[in-house]
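Numbering (this note's numbering), first residue to last: 7 to 191.
Comments concern the structure below.
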């Protein structure tokens, strides 16, 4: 018998001073049985970084061809496509062809460094792409904050992300491997 998804709830208070976006969304996140808490929390982090009125989680690990997160406009056109991990060049090109902006949130230094060295030449040609790497120690600290019911205050300023809860505080200093040339990151 297959295991079902585990449901997490996150009450967020987001102050993104870099983008001028402020809100208090409540997210319901399904965690696939094979998804780690680290990846789950990085999806929440990506949501905070790209927060928008129509941003939503994809259907998950079992849905090929669909991003971890995406934002659409009122017509259904894809504005933002967010991938986690180390996607292949074909996946990123497909995302760039279908959306206005693409974000890759990379994690796991052992995988990311060789991946980036092998794809940066091809990916540097995609103007609408931003690639951010989250250091292992910071991703691990964020994963340690995972609970089935979470409440966080998230502040983003000068590309630094602070995540605060009643029990822990994490400062995340993302490394920008590539910045989009068309708009804010």
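All C-beta atoms in this analysis are idealised placements derived from N, C-alpha and C, irrespective of residue type, glycine included.
Source: prediction; values computed, not measured.
- By Cβ distance, which residues of its chain are closer than 7 Å to residue 65, with the 5 residues on each side in sequence left out? In the chain shown, the residue the question calls residue 65 occupies position 59. These residues qualify, in order along the chain: 72.
*Around the Cβ of residue 107, are there at least 16 other Cβ atoms within 10 angstroms (buried) or fewer (exposed)?*
Sequence index remark: in the chain shown, residue 107 carries index 101 (1-based). By the 10 Å Cβ count, residue 107 comes out buried.
Q. Considering only residues of the same chain and omitting the five flanking positions on each side of residue 77, which have a CB-CB separation below 6 Å?
A. Along the chain shown, one-based indexing puts residue 77 at 71. Closer than 6 Å at Cβ, skipping near neighbours: 58, 60, 61, 85 and 86.
**Item:** Contact belief for residue 11 with residue 36 at Cβ below 8 Å, rounded distance in angstroms
**Value:** As a working note, residue 11 is residue 5 in the chain shown. As a working note, residue 36 is residue 30 in the chain shown. So it is a contact: roughly 4 Å between Cβ atoms.
Worksheet entry | Spatial neighbours of residue 136 in its chain, beta-carbon cut-off 6 Å, leaving aside the 5 residues before and after | Along the chain shown, one-based indexing puts residue 136 at 130. Within the same chain, residue 136 has close Cβ partners 109, 185, 186 and 191.
query: Sorted by chain position, which residues of the same chain lie with C-beta nearer than 6 Å to residue 168's C-beta, five sequence neighbours on each side aside?
result: Locating residue 168 in the chain shown gives position 162, where the first residue counts as 1. If we look at residue 168 and ignore the five residues flanking it on each side, its Cβ neighbours are 161 and 177.
Does the Cβ-Cβ distance between residue 115 and residue 94 come in under 7 Å? Translated into the one-based positions of the chain shown, residue 115 becomes position 109. Translated into the one-based positions of the chain shown, residue 94 becomes position 88. Taking 7 Å as the Cβ cut-off, residue 115 and residue 94 do not qualify as a contacting pair.
Self-check item: Among 130, 164 and 41, nearest to residue 149 - alpha-carbon criterion
Solution: Working through the chain shown from its first residue, we reach residue 149 at position 143. Here the closest residue by C-alpha is 41.
**Study point:** Delimiting residues of the alpha helix (DSSP H) encompassing residue 48
**Key:** For the purposes of this step, residue 48 is taken as the residue at position 42 of the chain shown. Unbroken alpha helix (DSSP H) run through residue 48: 43 to 55.
Practice problem: May I ask which residues mark the beginning and end of the alpha helix (DSSP H) holding residue 142? | Solution: Translated into the one-based positions of the chain shown, residue 142 becomes position 136. Segment 142 to 149, the alpha helix (DSSP H) holding residue 142.
* Asked: When the Cα atoms are used, what is the spatial distance from residue 173 to residue 146?
  -> Position 167 of the chain shown, counted from the first residue, corresponds to residue 173. Position 140 of the chain shown, counted from the first residue, corresponds to residue 146. Looking at the two C-alpha atoms, the distance is approximately 15 Å.
### Query
Roughly how far, in whole angstroms, is the beta-carbon of residue 75 from the beta-carbon of residue 99, given that I think they are within contact range, below 8 Å?
Numbered from its first residue, the chain shown carries residue 75 at position 69. Numbered from its first residue, the chain shown carries residue 99 at position 93. Not quite, the Cβ-Cβ distance comes to about 18 Å (not below 8 Å), so this is no contact.
Legend entry - Status (buried if at least 16 other CB within 10 Å, exposed otherwise) for residue 113: Mapped onto the chain shown, residue 113 falls at position 107. Label assigned to residue 113: buried.
Item to complete: Spatial neighbours of residue 19 within its chain, please: CB distance less than 6 Å, with the 5 preceding and 5 following residues excluded, ordered by chain position.
Response: In the chain shown, counting from the first residue as 1, residue 19 sits at position 13. Around residue 19: 30 and 159.
Exercise. Let me know the secondary structure DSSP gives residue 116 once reduced to three states.
Key: By one-based count along the chain shown, residue 116 stands at place 110. Of the three classes helix, strand and coil, the one that applies to residue 116 here is helix, per DSSP.
Beta carbon of residue 132: closer than 6 Å to some heavy atom of the ligand FMN? The ligand FMN is not part of this structure, which contains no ligands at all.
For this session: Can you grab the Cα-Cα spacing for the pair residue 165 / residue 133, in whole Å?
Result: Within the chain shown, residue 165 is the residue found at index 159, counting from 1. Within the chain shown, residue 133 is the residue found at index 127, counting from 1. Their backbone Cα atoms lie some 20 Å apart in a straight line.
query = If residue 111 sits next to residue 129, beta carbons under 8 Å apart, how far is it from one beta carbon to the other, in whole angstroms?
reply = Taking the first residue of the chain shown as 1, we reach residue 111 at position 105. Taking the first residue of the chain shown as 1, we reach residue 129 at position 123. 14 Å between Cβ atoms; not a contact.
Measuring straight from C-alpha to C-alpha, what distance separates residue 9 and residue 39?
On the chain shown, residue 9 is found 3 positions in, with the first residue counted as 1. On the chain shown, residue 39 is found 33 positions in, with the first residue counted as 1. Distance between the alpha carbons of residue 9 and residue 39 is about 6 Å.
| field | Residue interval of the beta strand (DSSP E) (run including residue 161) | value | Taking the chain shown and counting its residues from 1, one reaches residue 161 at position 155. Here the beta strand (DSSP E) through residue 161 covers 155 to 163.
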